[in-house]
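In what follows, a structure is listed as C-alpha cells, so that the remarks can point back to it.
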Amino acid sequence: MTRHRLLPLQICVVLAAAAVRLLAPGGLAVMMLLSFGLVPLLLLAPLLVATLALPRGRVGVPALAAFALTDVALLVFAWTFPDSGDTPNEIAVPLARLLRLGDALGPHDRFIAGYDVTGGVLSLIGYAGLAAYAVCAIATAILVLRTRRTRHSAPAT
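Encoded structure:
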C-alpha cells in the first residue's frame, strides 16, 4: 500500500470515530463540539502526525500493522468509551445505544446504568481502548518518524 492510499483510509477512520462519539450525548460530545475540534485534534494528533510524516512511496509492513492496530484501538475506544450524563450513575456508550445493551435510563435510551454489569464491562473495554489507542498511536508515530529519518540518512547507492 502506498502513502497516497493510506491517507484517505486514515481520514475515514478518524471521521468515523468522531461521528461515533457524537452518538453518545454526554460531556465528551459537548466538549468536542464546544472546543471547535481542538479536543479531537489533540486526541488524534499522534495518528495524524504519523500519517502525514510517512515518506512517499510504499508503506512497509511494520508501519501498516502499526496503523491497523492503532485504527482498531481508536474504533474500540470510540464505540465503547463511556460518556457521563447528568448523574454519576448514568453513562452514554455508543455501542450500547446501537445494540440496545444495558439498563436503559430515560425515555430515549440515550443513557445506560453505569453500575450494572453491561455498563461496567463496556466502561472497562472503553478505558482499555483509550489506553491501547494512546500507546499504539505514539508507537506508530515514533515508528514512522524513525523510518523517515532512516530513509533520509541512508547513503545513496
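Sequential numbering of the sequence shown, starting at 1, is according to the working numbering.
The beta-carbon is built from N, C-alpha and C at its ideal position, and this holds for glycine as well.
In chain order, what are the residue ranges of uninterrupted alpha helix (DSSP H) at least 4 long that sit wholly in the region 4-32? Here no run is fully enclosed.
Buried/exposed call for A73, threshold 16 Cβ in 10 Å: Counted from its first residue, the sequence shown places residue 73 at position 73. Buried, by the Cβ-count rule.
I'd like the span of the alpha helix (DSSP H) that includes D71, first residue to last. Counting from 1 along the sequence shown, the entry for residue 71 is found at position 71. Start and end: 61-80.
Beta-carbon proximity check, N89 vs G114, cutoff 9 Å: Your numbering for residue 89 matches position 89 in the sequence shown. Your numbering for residue 114 matches position 114 in the sequence shown. A contact, by the Cβ cut-off of 9 Å.
Using the three-state DSSP reduction, which class does T147 fall into: helix, strand or coil? Position 147 of the sequence shown, counting from 1, holds the residue named residue 147. Correct three-state label for T147: helix.
DSSP on S123, reduced to helix/strand/coil? Taking the sequence shown and counting its residues from 1, the one referred to as residue 123 is at position 123. Here S123 sits in helix by DSSP.
Quick check: T140 and A66, are their CB atoms within less than 9 Å of each other? Indexing the sequence shown from 1 puts residue 140 at position 140. Indexing the sequence shown from 1 puts residue 66 at position 66. Yes; because the gap between Cβ atoms is below 9 Å, this pair is in contact.
Rounding to the nearest angstrom, what Cα-Cα distance links L48 and L101 in this structure? Residue 48 sits at position 48 when you count from the first residue of the sequence shown. Residue 101 sits at position 101 when you count from the first residue of the sequence shown. Straight-line Cα distance between these residues: approximately 33 Å.
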